[in-house]
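In the numbering used here, the protein residues as written are 1315 to 1448. Presented below is the structure to which this report refers.
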Ligand SMILES: [Zn+2]
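This is how it looks when you write it as structure tokens:
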């Protein structure tokens, strides 16, 4: 039996917002994956061809990827009925916060408590991409 969601928001509306956002991020990632493939090809022979813009887009790419994971996780929670519930204190996340951050995993208070851990997670995403490119 599924438990009844306690979320304070309309989860149907949240799902639509999340799916739209996922589409946006995925199409943005698609463009940047092309750039990464190009860099992969030129990296060995002619690294001087890499433009500053391409490095910038690689950087953005890893941020988008991190956000995509957050969106996917939120969609999973919609399916399991845990959406809108703080992962830490298990209290409902205020609808106002979910309207701004539909993929929020924590209430504001717990977000502050886990803030440092979140930063580490994002740094790991950021440093993972440009391997072997100098
Ligand atoms: Zn909390």
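Backbone N, C-alpha and C define an ideal beta-carbon position, used for all residues, glycine too.
For this session: May I have the straight-line CA-CA distance separating residue 1398 from residue 1404, to the nearest angstrom?
Result: 9 Å
Exercise. Are the beta-carbon atoms of residue 1332 and residue 1416 separated by less than 7 Å?
Worked result: yes
Problem set entry | Endpoints, alpha helix (DSSP H) assigned at residue 1412 | 1409 to 1414
Problem set entry | Nearest to residue 1330 (by Cα), restricted to the options 1393, 1377 and 1376 | 1393
Problem set entry | Residue from 1412, 1418 and 1402 with nearest C-alpha to residue 1424 | 1402
For this session: Give the DSSP bridge partners of residue 1399, in chain order.
Result: 1406
Exercise. Relative to ligand 1, is the shortest distance from any of its heavy atoms to the C-beta of residue 1420 smaller than 6 Å?
Worked result: yes
Problem set entry | Alpha-carbon to alpha-carbon, residue 1412 and residue 1426 | 16 Å
Exercise. Applying the criterion that 16 or more other CB atoms from any shown protein chain within 10 Å of the CB defines a buried residue, is residue 1339 buried or exposed?
Worked result: buried
For this session: With DSSP as the reference, label residue 1424 as helix, strand or coil.
Result: helix
For this session: Grab me the residues of residue 1388's own chain with a C-beta within less than 6 Å of its C-beta, minus the 5 sequence neighbours each way, in chain order.
Result: 1332 and 1417
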